[in-house]
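Only one structure is covered here, and it is reproduced in the block below.
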Amino acid sequence: MFLAQLPAQTPQLPDLPPGPSLDNVRGPIEIPPYEPWQIGVMIALAVIAFSLLTWGIVQFARARRNRAAQLQPHTTAFAELKTAAECTAGDDERFAVLSSLALRRYFETGKGIAALGRTTLEFLKALDGHTLLNTEARASLSTFLEHCDRVKFAQASLTEADRDALTESAITLIRQSEQGSDAPQPEVAQS
1341 MFLAQLPAQT PQLPDLPPGP SLDNVRGPIE IPPYEPWQIG VMIALAVIAF SLLTWGIVQF
1401 ARARRNRAAQ LQPHTTAFAE LKTAAECTAG DDERFAVLSS LALRRYFETG KGIAALGRTT
1461 LEFLKALDGH TLLNTEARAS LSTFLEHCDR VKFAQASLTE ADRDALTESA ITLIRQSEQG
1521 SDAPQPEVAQ S
């Protein structure tokens, strides 16, 4: 018990040296999850992917539209002849140009005979190697093209009967060249 009666002395610790001041302490440094160059690469890849996707969709839509919109050459030629007859009431030269172009385009796209960009003589010579038209049809084609050329280049005039005869001649030529195919032939209304 004697020890219990002794005054307890707690050892004195020395004073702490002065430490750094808390005025200059900054908060934690935030480290971004991605570096700036990584973000740039991801944005570039996203733009490229979006561009490729858009390009693919546009190509698909074009191909689908072209498949759906593609008509038979003779159907297109009949429609062009009908339009030429209806829309060129007072303009003989335009009627001749459109009618001739419709027939030439038919031979170019439908039969594979180079007709566009050629003179009438060159086009008729190109037909020499083909058995597409018989002699009578070739003569009719030659007459049709010469009549159109007279209107286009010599400013010859056409009567309503001449217009109807030219349109009917072109329709007959197309039908004769399509005789071997099973495609239905639509009627073309005369103006």
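In this note's numbering, the protein residues as written are 1341 to 1531. Cβ coordinates follow ideal geometry from the N, Cα and C atoms, glycine included. No experiment lies behind these values; they were computed from the predicted model shown.
Residues near residue i in its chain [Cβ-Cβ closer than 8 Å; skip 5 each side]
i       : result
Thr1423 : Leu1438
Distance, residue j Cα to residue i Cα
i       : j       : result
Ser1450 : Gln1412 : Here residue 1450 turns out to be Gly, not Ser, going by the sequence shown. Approximately 8 Å between the Cα atoms of the pair.
Ser1497 : Ile1388 : 60 Å
Glu1508 : Leu1393 : 50 Å
Trp1377 : Pro1368 : 23 Å
Gln1352 : Asn1364 : 31 Å
Ser1391 : Glu1370 : 34 Å
Leu1356 : Gln1349 : 21 Å
Ala1510 : Val1398 : 38 Å
Thr1499 : Ala1401 : 46 Å
Met1382 : Tyr1374 : 10 Å
Glu1527 : Gly1396 : Interpretation of Glu1527 is limited by its pLDDT of 48, a score under 50 that renders its predicted location unreliable; the figure taken from the coordinates is listed afterwards. Each residue's Cα considered, the two are about 40 Å apart.
Own chain, CB closer than 6 Å to residue i, minus 5 neighbours either side, in chain order
i       : result
Glu1448 : Ala1455 and Leu1456
Asp1442 : In the sequence under discussion, the amino acid at residue 1442 is Ala, which differs from the Asp named in the question. Around Ala1442: Ala1417, Glu1420 and Leu1421.
Ala1466 : Ile1453 and Ala1454
Leu1481 : Leu1513
Candidates the options: closest to residue i by CA position
i       : options                               : result
Glu1433 : Arg1503, Ala1501, Leu1472 and Gln1495 : Gln1495
Asp1504 : Gln1352, Ala1425, Val1398 and Ile1371 : Ala1425
Phe1285 : Phe1493, Arg1366 and Pro1360          : Summary: the structure shown does not reach residue 1285, with the chain confined to residues 1341 through 1531, and so no result is reported for it.
Beta carbon of residue i nearer than 8 Å to that of residue j
i       : j       : result
Phe1463 : Arg1444 : yes
Leu1513 : Ala1477 : yes
His1552 : Tyr1446 : What is shown of the chain runs 1341 to 1531, which leaves residue 1552 out entirely.
7 Å CB neighbourhood of residue i in its chain, flanking five on each side removed
i       : result
Ser1440 : Leu1485 and Cys1488
Are the segment 1511-1520 and the segment 1457-1467 touching, with three or more C-beta to C-beta distances below 8 Å? Judged by Cβ distances under 8 Å, the segment 1511-1520 makes no contact with the segment 1457-1467, as fewer than three pairs qualify.
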